[in-house]
Ligand code: SGN
Ligand code: CA
């Protein structure tokens with residue numbers, strides 16, 4: 076068929092103009108899928124947001140400069156395991172079975188991008204965060220973190236054993252990735268996932284970056300002191316930086332001037348206790364001046380809240396800095412090995428994240444910051460460099476897109492659409508709206524279960540158990556402060572959004588019981 080012809084033609088042209096290690100038979104494209112954990116678009120400079128201007132990510136941006144930047148890409152369920160399950164299967168959570176992080180076990184035997192490509196003769200590997208509560212299926216090789224993993228001297232699980240590796244998690248994942256690439260069988264194409272733990276909570280930077288943003292004052296989001304008027308669920312969460320972040324674990328604050336005693340940390344075994352005594356000393360010394368200043372300079376409550384925001388952003392962005400270095404290192408490696416021309420390179424995250432907007436850290440919400448997912452991609456299919464795709468794409472689309480790019484049939488049960496046609500302009504009829512569904516309540520951070528629909532301009536959200544609605548005009552109110560649900564001025568829009576919502580629930584076969592006061596949201 077046409078697709079097979081295209082990839083054959085692509086392979087032949089690469090053969091004739093390629094360099095380096097390309098073999099003498101046309102090669103199907105390799106795939107390097109890099110998924111970081113909780114990396115928000117606000118912290119990637121290619122997206123041009125104010126925070127990232129002070130902490131640029133030149134290496135990640137390179138993918139947008141040489142490839143494509145997706146500006147309207149979203150997740151289907153803004154939480155780790157579910158998003159990763161969706162990326163692998165091309166299906167919404169209710170269809171792939173992984174609706175919540177807690178107690179769910181991923182069924183790796185349904186069609187996934189990994190087991191399909193493995194059957195098609197690809198070498199497959201995953202290195203870094205996995206977090207699907209069952210071991211990887213469809214991968215020839217894996218070296219994965221245990222559950223959330225640790226920042227310092229982390230444990231890695233392989234098929235045979237679990238070993239502790241000394242060093243900083245992002246750097247270790249980078250070198251394991253390069254090592255696997257170096258050891259692979261050169262005749263076969265590869266599908267490799269490099270899944271960083273960073274910049275996940277509790278935002279521990281590499282030692283070389285403890286002080287990188289010490290002097291940087293990041294802009295305070297205009298909604299930092301949001302009072303959540305008209306948005307009841309938003310007022311009920313527990314993810315407020317100045318109220319819910321743990322002063323020791325999250326904010327690295329100590330008991331007083333000169334103190335080595337960290338404030339509240341419920342999980343020292345995954346944090347300070349992973350460091351050697353020397354490492355602990357260096358860590359505490361690096362924060363000393365700033366921590367002392369917290370006690371010696373008088374501050375109002377508001378100023379303390381802003382101080383905490385700065386501490387949070389400084390650490391989060393210092394973690395991002397290492398991720399960006401990792402991407403640079405791996406891109407340079409591909410280039411040096413002559414692999415760049417025939418590799419689809421993707422940078423994304425499992426979801427977005429709040430960087431102080433609404434006063435928050437964490438994710439889960441269908442509000443823009445956590446619903447949005449970064450997506451930057453450089454591939455042999457790009458029409459030109461520096462393209463921008465602003466159609467509505469979603470993580471359900473990743474697997475179908477990669478299958479089409481590798482010339483493999485897309486299983487009918489995948490719900491996403493290949494966006495290859497958006498790259499070469501052949502797609503006439505793209506979707507007009509996206510479906511979203513978050514299940515995990517009760518859960519960490521107390522975000523009520525909700526689902527909804529987003530078009531390019533409007534968003535309708537339904538809080539299932541409480542049976543409450545919210546609607547936003549994203550053009551007039553990009554910060555989602557004014558809930559216009561029930562406002563007569565928007566009656567027509569509201570009706571249109573309800574219709575769209577019904578249409579999507581039908582199209583994606585969302586079961587009735589998942590939509591209301593269901594067991595999963597009460598359990
Ligand atoms: C941990 C975090 C939470 C986070 C969840 C889910 N607490 O429980 O803040 O929301 O993971 O994150 S922590 O202090 O232990 O890190 S996810 O990335 O796995 O979805
Ligand atoms: Ca995550």
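Residue numbers (my numbering): 76 to 598. By construction, the Cβ of each residue, glycine as well, lies at the ideal position given by its N, Cα and C atoms.
Candidates the options, of which the one nearest residue i by Cα
i           : options            : result
residue 298 : 429, 433, 335      : 433
residue 254 : 409, 467, 570, 541 : 409
residue 430 : 117, 106, 112, 107 : 117
residue 224 : 515, 245, 352, 446 : 245
residue 377 : 360, 183, 301      : 301
residue 314 : 438, 403, 154, 528 : 438
residue 350 : 227, 305, 450, 564 : 227
residue 158 : 444, 405, 586, 173 : 173
residue 542 : 560, 555, 393      : 560
residue 580 : 169, 144, 154, 221 : 169
residue 366 : 155, 328, 203      : 328
residue 197 : 103, 308, 576      : 103
residue 447 : 456, 463, 364, 468 : 468
residue 186 : 555, 497, 400, 478 : 478
residue 296 : 326, 554, 574, 576 : 554
residue 583 : 517, 548, 240, 528 : 528
residue 426 : 268, 161, 285, 371 : 161
residue 407 : 319, 256, 262, 353 : 256
residue 266 : 240, 343, 188      : 188
residue 599 : 353, 333, 401      : Outside the shown range of the chain, which is 76 to 598, sits residue 599, and nothing can be said about it.
residue 405 : 390, 422, 240      : 422
residue 607 : 124, 536, 195, 113 : Within the shown structure, residues of the chain are numbered from 76 to 598, placing residue 607 beyond reach of any answer.
residue 207 : 233, 190, 234, 178 : 178
residue 137 : 126, 150, 122      : 122
residue 272 : 372, 304, 201, 258 : 201
residue 140 : 444, 120, 428, 552 : 120
residue 435 : 401, 400, 383, 459 : 383
residue 176 : 309, 519, 385      : 519
residue 249 : 398, 307, 231      : 398
residue 146 : 219, 353, 464, 482 : 464
Inter-residue CB distance, residue i and residue j (contact presumed, cutoff 8 Å)
i           : j           : result
residue 321 : residue 340 : 6 Å
residue 193 : residue 213 : 5 Å
residue 111 : residue 274 : 7 Å
residue 148 : residue 450 : 4 Å
residue 505 : residue 466 : 5 Å
residue 454 : residue 419 : 4 Å
residue 456 : residue 497 : With a Cβ gap of about 10 Å, residue 456 and residue 497 do not count as contacting.
residue 311 : residue 124 : No, residue 311 and residue 124 are not in contact; Cβ-Cβ is about 27 Å, not under 8 Å.
residue 458 : residue 500 : 7 Å
residue 277 : residue 324 : 5 Å
Ligand 1 heavy atom lying under 6 Å from the CB of residue i
i           : result
residue 276 : yes
residue 519 : yes
residue 437 : yes
Residues bridged to residue i (per DSSP)
i           : result
residue 109 : 269, 422
residue 231 : 220, 238
residue 451 : 144, 422
residue 529 : 509, 534
residue 200 : 216, 267
residue 464 : 145
residue 547 : 534
residue 315 : 435
residue 585 : According to DSSP, residue 585 bridges with nothing at all.
residue 243 : 227
residue 398 : The partner list for residue 398 (beta bridge, DSSP) is empty, contrary to what the question assumes.
residue 337 : 329
residue 569 : According to DSSP, which records beta bridges pairwise, residue 569 is partnered with nothing at all.
residue 469 : 149
beta-carbon residue i near ligand 4 non-hydrogen atom, thresh 6 Å
i           : result
residue 492 : As for ligand 4, it is missing from this structure, which binds only ligand 1 and ligand 2.
- Item | Residues passing the C-beta test against ligand 2 heavy atoms, cut-off 5 Å | 112, 113, 155, 425
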